[in-house]
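In our numbering, the protein residues as written are 821 to 1130. The block underneath contains the structure these notes are about, expressed in structure tokens.
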Ligand code: BDR
Ligand code: CA
């Protein structure tokens, strides 16, 4: 079976941690490295969270710390959802794993330059690391097979009427990536808000009874509570793992090619992904945008992947 080679760039984060679970053992995925960015919490915390998750689940993949600040704007974090640690809820054994000494941006550049153009970059946090890599070494751009990102929305955002968190937290970085000319798949709130992790889903995954299943339950305990406090939903939307689910089984999403532009100029709509599904503007299609998701299949993928942990 041919595996999809990926670099997972993330900011764990509860739903990022579930994305790591999906990427860590799936036989269709060749996870080359996990690169970390500041986002849901500050960089020191998101790196620590990635190390804790990979150590606990024995995912033997290098973790690289990346950018601690956005490219232009002031840093924001999402402590209201992910807590003070960025991964409140689970209690991990003492941390022995360390991050690699190499900077995430250098790892991305080196790995892409040495590749045969067959690497997919998956981003589930602000796009700072990838954008910085493109600016530092523009020759990587044609080497990127595709970018699959969790971010943006055709409809409303989740941090302002216009913007979704990952794009708003570094809209200039998203702008760089969306104007790179590489194939992009945008997995936005339009679909991730359809996979709400209701209590019966948490119970279903909990019944699997392995380490990943226990971690999932502990993660969702905190995540679903804060999602309810902030948004009023009974189940937390499991945003980030949709990117991995799509790479594992593309039939899980319906996508539509369209022009997408990132708003970096306006104050009220900073970070909006201006999508043109009806081609009003007659502009080139720059991304495949997720329009719908097979919810049942998505939860089956989550279950199948949790089961891979023994
Ligand atoms: C995105 O923001 C973060 O809080 C989540 O991890 C996800 O990547 C959803 O807007
Ligand atoms: Ca994230």
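Beta carbons are placed, not taken as given, at the ideal position from N, Cα and C, and that holds for glycine. These numbers were taken from a predicted model, which means no experiment stands behind them.
Between which two residues does the alpha helix (DSSP H) harbouring residue 1061 extend? To locate residue 1061, count along the chain shown from 1; it is residue 241. Note, residue 1061: alpha helix (DSSP H), 1061 to 1068.
Mapping the DSSP letters down to three states, classify residue 958 as helix, strand or coil. Walking along the chain shown from the start, residue 958 turns up at place 138. Residue state, collapsed to three classes: helix.
Taking 7 Å as the threshold (C-beta atoms), are residue 987 and residue 971 in contact? Reading the chain shown from its first residue, position 151 is the one you call residue 971. Reading the chain shown from its first residue, position 167 is the one you call residue 987. Contact flag set, yes.
Per DSSP, what kind of secondary structure is residue 1107 in: helix, strand or coil? What you label residue 1107 is simply residue 287 of the chain shown in a count that begins at 1. Note: residue 1107 maps to strand in three-state DSSP.
What residues in its chain sit with their C-beta under 8 Å from that of residue 1143, if we drop five residues either side in the sequence? Because the chain here runs from 821 to 1130, residue 1143 falls outside it and cannot be looked at.
Is the beta carbon of residue 950 closer than 7 Å to that of residue 997? Position 177 of the chain shown, counted from the start, is the residue given in the question as residue 997. Position 130 of the chain shown, counted from the start, is the residue given in the question as residue 950. Yes; because the gap between Cβ atoms is below 7 Å, this pair is in contact.
Which class does residue 997 belong to by DSSP, given the choice of helix, strand or coil? Counting from one through the chain shown, the residue named residue 997 turns up at place 177. Reduced to three states, the DSSP call for residue 997 is helix.
Jot down the residue ranges of each uninterrupted beta strand (DSSP E) in the segment 843 to 927, minimum 3 residues, whole runs only, in chain order. 849 to 856 and 883 to 885
If the criterion is Cβ atoms closer than 7 Å, does the pair residue 990 and residue 890 meet it? The count along the chain shown starts at 1 and reaches residue 990 at position 170. The count along the chain shown starts at 1 and reaches residue 890 at position 70. Yes, the pair counts as a contact, with Cβ atoms nearer than the cut-off.
Does residue 942 come out as helix, strand or coil in the three-state DSSP assignment? Taking the first residue of the chain shown as 1, we reach residue 942 at position 122. Note: residue 942 maps to strand in three-state DSSP.
Alpha-carbon to alpha-carbon, residue 1042 and residue 873: For the purposes of this step, residue 873 is taken as the residue at position 53 of the chain shown. For the purposes of this step, residue 1042 is taken as the residue at position 222 of the chain shown. Those two C-alpha atoms are separated by around 16 Å.
Cross-strand partners of residue 969 (DSSP beta bridge): The count along the chain shown starts at 1 and reaches residue 969 at position 149. DSSP output for residue 969 lists 943 and 1006 as bridge partner(s).
What does DSSP give as the partner residue(s) for residue 1077 in the beta ladder? Residue mapping note: residue 1077 aligns to position 257 of the chain shown, counting from 1. In DSSP, residue 1077 forms a bridge with 1108.
Unbroken beta strand (DSSP E) run spanning residue 827, endpoints: As a working note, residue 827 is residue 7 in the chain shown. Where residue 827 is concerned, the enclosing beta strand (DSSP E) stretches over 824 to 830.
How would you label residue 1059, buried or exposed, when you count the other beta carbons within 10 angstroms and need 16 or more for buried? Sequence index remark: in the chain shown, residue 1059 carries index 239 (1-based). Residue environment analysis places residue 1059 among the buried positions, since at least 16 neighbouring C-beta atoms fall within 10 angstroms of its C-beta.
Pairs of beta-carbons, one from the segment 876 to 891 and one from the segment 1080 to 1098, closer than 8 Å: are there three or more? no
Going by beta-carbon coordinates alone, are residue 966 and residue 943 separated by less than 7 Å? Numbered from its first residue, the chain shown carries residue 966 at position 146. Numbered from its first residue, the chain shown carries residue 943 at position 123. Their beta carbons are not under 7 Å apart, which means residue 966 does not touch residue 943 by this criterion.
Of the residues 1003, 1056 and 854, which one's Cα is nearest the Cα of residue 1108? One-based indexing of the chain shown puts residue 1108 at position 288. Nearest option by C-alpha distance: 1003.
Can you round the beta-carbon distance between residue 855 and residue 924 to whole angstroms, since I take them to be within the 8 Å contact cut? Residue numbering aside, residue 855 sits at position 35 when the chain shown is read from its first letter. Residue numbering aside, residue 924 sits at position 104 when the chain shown is read from its first letter. That belief holds up - the Cβ atoms of residue 855 and residue 924 are roughly 4 Å apart, short of 8 Å.
Please report the Cβ distance between residue 835 and residue 1019, rounded to the nearest whole angstrom; I am assuming they are in contact, meaning their Cβ atoms lie under 8 Å. Residue numbering aside, residue 835 sits at position 15 when the chain shown is read from its first letter. Residue numbering aside, residue 1019 sits at position 199 when the chain shown is read from its first letter. With 8 Å as the limit, residue 835 and residue 1019 do not qualify as a contact, their Cβ atoms being about 17 Å apart.
Nearest to residue 895 (by Cα), restricted to the options 863, 1082, 844 and 1015: For this step, residue 895 is matched to residue 75 along the chain shown. Out of 863, 1082, 844 and 1015, 863 has the C-alpha closest to the C-alpha of residue 895.
Just how far apart, CA to CA, sit residue 914 and residue 1009? Position 94 of the chain shown, counted from the first residue, corresponds to residue 914. Position 189 of the chain shown, counted from the first residue, corresponds to residue 1009. Approximately 35 Å between the Cα atoms of the pair.
Going by beta carbon distance, what residues of the same chain come within less than 7 Å of residue 955, once the five residues before and after it are set aside? On the chain shown, residue 955 is found 135 positions in, with the first residue counted as 1. Correct list, in chain order: 996.
At a cut-off of 6 Å, would you count residue 1008 as near ligand 2, judging by its Cβ distance to the nearest heavy atom? Within the chain shown, the letter at position 188 stands for residue 1008. Checking every heavy atom of ligand 2 against the Cβ of residue 1008, none is found closer than 6 Å.
In this structure, how does DSSP classify residue 1132 when only helix, strand and coil are distinguished? Outside the shown range of the chain (821 to 1130) lies residue 1132, about which nothing can therefore be said.
How would you call residue 762, buried or exposed, if buried means at least 16 neighbouring beta carbons within 10 angstroms? An answer regarding residue 762 cannot be provided, because it is not within the stretch 821 to 1130 covered by the chain.
Could you tell me if the beta carbon of residue 945 falls within a distance shorter than 6 Å of some heavy atom in ligand 4? Ligand 4 is not part of the structure shown, which contains ligand 1 and ligand 2 as its ligands.
Assigned secondary structure, residue 1093 (DSSP; H/G/I helix, E/B strand, else coil): Position 273 of the chain shown holds residue 1093. Per DSSP, reduced to three states, the secondary structure at residue 1093 is strand.
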